[in-house]
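Asks: By full-length UniProt numbering, the letter at position 117 of the sequence shown is numbered 117, and the numbering carries on one by one without gaps.
Right, I'll just put the structure down here and ask away after.
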Amino acid sequence: MHAITIPEPGGPEALVWAEVPDPVLAEGEVLVEVAASAVNRADLLQRQGYYDPPRGASPYPGLECSGRIAALGPGVAGWSVGDEVCALLSGGGYAEKVAVPAGQLLPLPEGVDAVTAAGLPEVACTVWSNVFMIAHLRPGDTLLVHGGASGIGTMAIQLAKAAGARVAVTAGSAEKLERCRELGADILINYHEQDFVQELRRATDGAGADVILDIIGAKYLDRNVKALAVNGRLAIIGLQGGIKGELNLNALLSKRGAVTATSLRARPEAEKASIVAAVREHVWPLVAAGRVRPVVDRTVPMRDAAEAHRAMEAGGHVGKILLVP
């Protein structure tokens with residue numbers, strides 16, 4: 001088969017479309033012929049040499065895919081050759097074929113085609129596990145989403161609105177904020193021109209956010225704590241703004257707040273399977289009903305993955321960038 005390889009870490013030009021051995025199925029895995037994959041920030045970090053795959057995972061980038069089951073490994077039940085699926089991966093999505101633990105498979109949601117579905121598993125699993133399973137967003141809560149126009153952000157807006165929450169977002173342009181508004185965002189904050197703490201307090205009569213979904217990390221840590229409501233929960237899922245920040249524990253105590261930080265890729269297989277099962281139960285019906293939809297910015301040939309990485313680094317996209325073999 002062919003896959004995107006990374007012979008040496010570097011810029012987008014480090015991504016090389018090459019012939020590689022087919023995956024070998026282990027116990028409990030299925031072979032998926034890839035219809036599409038999607039670009040995630042973690043892929044850019046892996047390309048740069050900062051985010052190695054977990055032990056035993058495919059060395060190729062790609063944390064999600066869609067496609068058709070081509071073969072079943074030993075001990076797999078409940079799936080058949082020919083089934084159309086999408087999948088959460090630990091790596092290997094930038095390829096023509098990938099081995100996937102059966103517990104990380106999802107059927108294609110009703111009404112979503114095989115290519116578009118590639119943009120769902122990573123964002124759905126990330127948002128559901130952090131916003132709902134860990135931070136326990138409830139109807140009537142206010143959710144603040146940093147990077148509202150990203151793949152994660154566009155999914156978080158829709159799931160939170162479906163759950164009856166109020167949604168505030170930050171984004172870097174009026175155009176991106178308008179797209180967030182179209183998806184249901186209630187409070188729109190341009191982080192280039194406005195202070196998100198002040199704007200959020202103004203919009204919530206001083207209360208703040210019950211849950212914050214943060215992709216920035218250290219740069220926003222102090223302001224995120226200030227933006228929390230009493231009993232608020234801050235969920236950190238990205239480090240675009242650095243890895244070390246100072247936490248004012250007195251401010252956190254005064255809010256009776258909680259801070260969590262999680263990474264989906266490195267979780268044990270059983271935990272991923274549990275999250276995937278929850279997404280299938282809670283998110284897939286919303287997709288089938290049209291209340292939540294994948295947001296796709298563009299589709300790029302997989303062999304031109306460097307172009308897709310440049311587009312993500314440029315930051316002008318809204319939603320997911322997909323790759324097709």
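Just so you know, even glycine gets a beta-carbon here, dropped at the ideal spot from N, CA and C.
In this text the structure is predicted, and so the values were computed from the model without any measurement.
Just list the residues that DSSP pairs P7 with in beta bridges.
Replies: Looking at the DSSP assignment, P7 forms no beta bridge with any residue, so it has no partner.
Asks: For G35, which of A114, P285, G206 has the nearest alpha-carbon?
Replies: Residue identity check: residue 35 is Ala in the sequence provided, not Gly. The shortest C-alpha separation from A35 is found at A114.
Asks: Check this for me: beta carbons of A306 and P12, under 7 Å apart or not?
Replies: yes
Asks: Mapping the DSSP letters down to three states, classify V81 as helix, strand or coil.
Replies: coil
Asks: In the DSSP assignment, what residue or residues form a beta bridge with C86?
Replies: S66, L106
Asks: State whether the region 94-113 contacts the region 279-289, with contact taken as three or more CB pairs (one from each stretch) at a distance under 8 Å.
Replies: yes
Asks: Excluding the 5 residues flanking Y60 on each side, which residues of the same chain have their C-beta closer than 7 Å to its C-beta?
Replies: A3, I4, T5, G91, G92, Y94, A95
Asks: Give the range of the alpha helix (DSSP H) segment to which T126 is assigned.
Replies: Element bounds for T126: 121-127.
Asks: Along the beta strand (DSSP E) that carries G238, what are the first and last residues, could you check?
Replies: Note, G238: premise wrong, no beta strand (DSSP E); not H, not E.
Asks: Just grab the DSSP bridge partners of H146 for me.
Replies: T170
Asks: If contacts are defined as beta-carbon pairs under 8 Å, then L177 and N190 qualify, I think. What distance do you get, rounded to the angstrom?
Replies: About 6 Å; that satisfies the 8 Å criterion.
Asks: If I follow the unbroken alpha helix (DSSP H) through N224, where does it start and stop?
Replies: Taken as a continuous stretch (DSSP letters only), the alpha helix (DSSP H) holding N224 covers 221-227.
Asks: Do you know how far the Cα of A124 is from the Cα of M155?
Replies: 7 Å
Asks: Return the bridge partner residues of K320 from the DSSP annotation.
Replies: V296
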